[in-house]
Amino acid sequence: MSLVDRPFYSARPEWKDVEPLEQYENINPLAPILYTDEYKDATNYFRGVVRDGEKSERVLELTEHIIRLNPAHYSAWQYRYETLIALNSPLATELQLMDEIAVKHLKTYQVWHHRRLLLIQLRDPNPELKFIAQSLKADAKNYHTWSYRQWLLAYFNNDDLWSGELDFVDHMVNEDVRNNSAWHHRFFVVFQSGIRDSEKDRERVIKRELIYVKQSISLVPNNASAWNYLRGILDHNKLPYLTVQVFLEAYTLDTPPATGDIVDLENPPPSKEAQLPCPAAIELLADVHELQGAEGVGKAIDLWKSLRDIYDTIRKRYWDHRIKGASHREGV
Amino acid sequence: MAPTYTPTDAYPTSTSHIQRETEELLLKHLPLPRNDDTKALYLELHKTKHMQWLVRNLAQGFPARYVSQDASQPWLMFWTLQAFSILGVALDPGNKQRAIDTILTWQHPDGGFGGGPGQAAHLLPTYAAVCALAIAGRPGERGGWDQIDRAKMSQFFISLKQPDGSFLVARHAEVDMRGIYCLLAVATLLDLMTPELVDGTAEFVRSCQTYEGGFASASQPYFGEDGALLKSPKPPLGEAHGGYTFCALASWVLLQPMSDNKLDHINETNLLRWLVQMQGVEIELGGFKGRTNKLVDGCYSWWVGGAFALLEAIHGHHSSSSHDEEKHEDGDAGWVDVDESLFNREALQEYILLAGQHPAGGLRDKPPKSADAYHTLYCLAGLSAAQHRVFPSEHKSKELKSGWKGSDNSTRKKVFTEALCWQEDEAGPVFVGGKANRVNASHPLFNLTVTHSVAIMRYFYGQES
Chain U
1 MSLVDRPFYS
11 ARPEWKDVEP
21 LEQYENINPL
31 APILYTDEYK
41 DATNYFRGVV
51 RDGEKSERVL
61 ELTEHIIRLN
71 PAHYSAWQYR
81 YETLIALNSP
91 LATELQLMDE
101 IAVKHLKTYQ
111 VWHHRRLLLI
121 QLRDPNPELK
131 FIAQSLKADA
141 KNYHTWSYRQ
151 WLLAYFNNDD
161 LWSGELDFVD
171 HMVNEDVRNN
181 SAWHHRFFVV
191 FQSGIRDSEK
201 DRERVIKREL
211 IYVKQSISLV
221 PNNASAWNYL
231 RGILDHNKLP
241 YLTVQVFLEA
251 YTLDTPPATG
261 DIVDLENPPP
271 SKEAQLPCPA
281 AIELLADVHE
291 LQGAEGVGKA
301 IDLWKSLRDI
311 YDTIRKRYWD
321 HRIKGASHRE
331 GV
Chain W
1 MAPTYTPTDA
11 YPTSTSHIQR
21 ETEELLLKHL
31 PLPRNDDTKA
41 LYLELHKTKH
51 MQWLVRNLAQ
61 GFPARYVSQD
71 ASQPWLMFWT
81 LQAFSILGVA
91 LDPGNKQRAI
101 DTILTWQHPD
111 GGFGGGPGQA
121 AHLLPTYAAV
131 CALAIAGRPG
141 ERGGWDQIDR
151 AKMSQFFISL
161 KQPDGSFLVA
171 RHAEVDMRGI
181 YCLLAVATLL
191 DLMTPELVDG
201 TAEFVRSCQT
211 YEGGFASASQ
221 PYFGEDGALL
231 KSPKPPLGEA
241 HGGYTFCALA
251 SWVLLQPMSD
261 NKLDHINETN
271 LLRWLVQMQG
281 VEIELGGFKG
291 RTNKLVDGCY
301 SWWVGGAFAL
311 LEAIHGHHSS
321 SSHDEEKHED
331 GDAGWVDVDE
341 SLFNREALQE
351 YILLAGQHPA
361 GGLRDKPPKS
371 ADAYHTLYCL
381 AGLSAAQHRV
391 FPSEHKSKEL
401 KSGWKGSDNS
411 TRKKVFTEAL
421 CWQEDEAGPV
431 FVGGKANRVN
441 ASHPLFNLTV
451 THSVAIMRYF
461 YGQES
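Each protein sequence line maps, in turn, to chains U and W. Numbering-wise (the UniProt record's numbering), the first sequence opens with residue 1 and increments by one. Numbering-wise (the UniProt record's numbering), the second sequence opens with residue 1 and increments by one.
This is how it looks when you write it as structure tokens:
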């Protein structure tokens, strides 16, 4: 399928000086791809250009054409980048072109990496945040888009760039509280990329994050992303799991406890619509008990058994493994 | 009783919508009522159909929509050849020769392999091409093995090395865990592993483990004022992901013979937890997903299902090292027996058989998607991982060590023995749907059969009998 109505390179006089290079000349390849004529024509000329080492404006046209037909053609991207640099081409113009191409091919590694190369040269990261946010509207869990955002923040690492990030990620989590990419981004921003001035008071930050994730769990208890985030906070800051025991217990019951009028910010209860008990809460409560001597291990084993037999039967063998491991250590 | 839907807590979001849609679709592929007779009908592996599908691609070529794989031609070849191997089929000598001749056209004059003739060298197609040659090739003239330019390949590898121990996948390209794995697998197969090549690489791999327990695509290095690499922060870029986790874990295992035991360890407890959490529940037919709160997909049968065997290798390494009783800070002191039973093997086989097979041949992500070469291999490899237990055997390791010809204390010997001491547990296999569904075991580190792994490594390490 042709993208634009254009003659083949083989029919264009201005390409006459390039000898096209066929892909397979002397062999009958096994498992070939049945290309379109347009693709064959363009890549024959690309191979010819690479062989000759030509770097010129028309190479930019040719590589753009190939990229549009097959954005995963990494050699075309590589050669295009080297041509841009050799010609001293305006990279801001290239970035504009990329705005359009990226949206069409969000799932391709190369479109995002090419952007990185351009940004490293252009050194103007701030407008990128908006572009990325826009791209995430089309595909909210796109791996490349998120890691590009994280790279951008970490690589340029200026306060301006970081300043709106917590609000941004809060917005993304609110859009879809089950979006694990957004949760990971929150962890990246809060805990993993160095400490910025506004985040120096670690105790306050940890407290804030614990409340944030507990509130989220209370709204939607069966959300693995939030539970993993909670575990992440505890592990990363070396806080004992015991810290959250009181919070957990309500989520391990069959029905939400009667709450009355007291609002406990530290221990928000499950919502009225919550489908309880929540296996992730049972699992974490077992982890809490496991560290509390022989009696605790006994309680942990009961919880693991309930997961194995009732609440999370698919992972039967893993729960057996936990039971065996704990019994072995405690001699229970 | 029909399996229940994943709870939404009366709080729907786009994730729960698409999850519910998928569950409804998968439910239709669950034979009901689930009595043994009807189930057996559904649980047949359609070997002949898949074979025919693979042969068609090989002989007639891939249709035009595979243009998107034009830079992955070695992958199309590897996926197809390895799918044959897992199904227990070998190519005839004529087609083997065509395969070898085709693969050699992808070798770059400056070392490594590209995605097709005239394409730049890249770590991913280099792995695919070398593995395809392990299957189809042989020593000697036109055999493929002696035509691999190993010296130039080493130079190509070194040219991609980064200060944080990672590697670019190609010149001017990205750093990516898949590339690290591909490089280490090839370096192991072809006897190119050196301490200089992999200096700092294990530390890079470790830095990609996220708080969830799985691994990310890469991590971001920070450098001090003096230009020296900082130990921290080194934030992972991207969330824990099945494909990267397999690559990271396999890399970690491949790096063990090169390590001096002074490395920080990865957090095995969290890794194991994350891996088991990737298995979908009953209504997802027990398939694996690649990230938290994403959908099950047949390809993760290998990337996640296949990773359990690798965990076992790390454990084996611990127990055979002098740090036997050492307790690690990250809480993996409680590691007891890792056995074959950490994930639900039967359920994974059911997913592949019920949802992974396309009625017209070939395997797929999930219904109603069409089959493709990538999913065909990784569903079959996942089925293989679910059927067989392949583990690093102390016995086999001793055997290899005593049979080693050459310098006794070499790193090469360690690399060779640790890569090849994997053995199938003969008592272990579980065949859902009956023994007719048996497929061959695949080497957990390379995704080649053990026979192919042994043959190519014996040749390049000069250990042929």
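Even for Gly, the Cβ is constructed at its ideal location relative to N, Cα and C.
query                                                                                                                                                                              : result
Mind checking I195(U): buried by the 16 CB within 10 Å criterion, or exposed?                                                                                                      : exposed
Cα separation between A385(W) and L284(U)?                                                                                                                                         : 29 angstroms
If A71(W) sits next to G115(W), beta carbons under 8 angstroms apart, how far is it from one beta carbon to the other, in whole angstroms?                                         : 3 angstroms
Measure the CB-CB distance between Y66(W) and I66(U) and report whether it falls below 7 angstroms.                                                                                : no
Considering only their Cβ atoms, is the gap separating G137(W) from I100(W) smaller than 7 angstroms?                                                                              : yes
Determine, using beta carbons only, whether T255(U) comes closer than 7 angstroms to chain W.                                                                                      : no
Measuring alpha carbon to alpha carbon, tell me which residue in W319(U), E295(U), S216(U) and H144(U) is nearest P269(U).                                                         : S216(U)
Identify the contact partners of V288(U) in chain W, using a Cβ-Cβ distance below 8 angstroms as the criterion.                                                                    : By Cβ distance, chain W contributes nothing, its closest Cβ being about 13 angstroms from V288(U), past 8 angstroms.
What would DSSP say about G298(U), mapped onto helix, strand or coil?                                                                                                              : helix
Please report the Cβ distance between R317(U) and W304(U), rounded to the nearest whole angstrom; I am assuming they are in contact, meaning their Cβ atoms lie under 8 angstroms. : 12 angstroms between Cβ atoms; not a contact.
Report yes or no: is there a C-beta of chain W within less than 7 angstroms of the C-beta of N27(U)?                                                                               : Note that residue 27(U) corresponds to Ile in the displayed sequence, not to Asn. Answer yes: the Cβ-Cβ gap between I27(U) and chain W drops below 7 angstroms somewhere.
Would you give the residue range spanned by the beta strand (DSSP E) that W422(W) belongs to?                                                                                      : W422 to E424
What three-state label does DSSP hand R138(W) in the structure shown?                                                                                                              : strand
With residue 364(U) and L91(U) assumed to form a contact (beta carbons below 8 angstroms), what rounded beta-carbon distance in angstroms separates them?                          : Outside the modelled stretch of chain U, which goes from 1 to 332, sits residue 364(U), for which no answer is possible.
Have a look at K369(W), A309(W) and E284(W) and flag the residue whose alpha-carbon is nearest the alpha-carbon of L342(W).                                                        : A309(W)
Determine the closest residue to A326(U) out of E25(U), L210(U) and E290(U), with distance taken between C-alpha atoms.                                                            : E290(U)
Give the residues of chain W in contact with N88(U), contact being defined as C-beta atoms less than 8 angstroms apart.                                                            : Chain W residues near N88(U): none, gap ~17 angstroms exceeds 8 angstroms.
For chain W, find out if any of its Cβ atoms is closer than 7 angstroms to the Cβ of S327(U); answer yes or no.                                                                    : no
Quickly, what does DSSP pair residue 499(W) with across the bridge? List them, please.                                                                                             : The displayed coordinates of chain W run from 1 to 465. Any statement about residue 499(W) would go beyond what the structure contains.
Mapping DSSP to helix, strand and coil, what is Q134(U)?                                                                                                                           : helix
Could you please tell me which residues of the segment 100 to 120 of chain U, in chain order, have their CB closer than 7 angstroms to any CB of chain W?                          : Y109, H113 and L117
D176(U) versus chain W: which residues are under 8 angstroms apart at the beta carbon?                                                                                             : T13, S14 and T15
Could you tell me how far apart the beta carbons of A224(U) and N293(W) are, in whole angstroms, since I believe they sit closer than 8 angstroms?                                 : 6 angstroms
Mind checking which residues open and close the beta strand (DSSP E) that includes P13(U)?                                                                                         : Counting along the chain, P13(U) falls outside any beta strand (DSSP E), and DSSP gives it neither H nor E.
Would you say A300(U) reaches chain W, if we count a Cβ-Cβ gap shorter than 7 angstroms as a contact?                                                                              : no
Is it the case that the Cβ atoms of P163(W) and L229(W) are separated by a distance below 7 angstroms?                                                                             : yes
Name, please, each residue of chain W whose Cβ falls closer than 8 angstroms to the Cβ of A224(U).                                                                                 : Q277, T292 and N293
Using three-state DSSP, classify residue 478(W) as helix, strand or coil.                                                                                                          : This structure leaves residue 478(W) out entirely; chain W is present only between 1 and 465.
Quick check on DSSP: helix, strand or coil for F215(W)?                                                                                                                            : strand
Verify the CB distance criterion: does L237(W) have a CB-CB separation below 7 angstroms to chain A?                                                                               : Absent from the structure is chain A; the protein chains it does hold are U and W.
I need the boundaries of the beta strand (DSSP E) containing F391(W), first residue and last residue.                                                                              : V390 to P392
What three-state label does DSSP hand P127(U) in the structure shown?                                                                                                              : helix
Per DSSP, what are the beta-bridge partners of Q209(W) in this structure?                                                                                                          : F215(W)
Taking C-alpha atoms, which residue in T201(W), E212(W), D297(W) and P3(W) lies nearest to V253(W)?                                                                                : T201(W)
Identify which residue in C379(W), I283(W) and W302(W) has its Cα closest to the Cα of L25(W).                                                                                     : I283(W)
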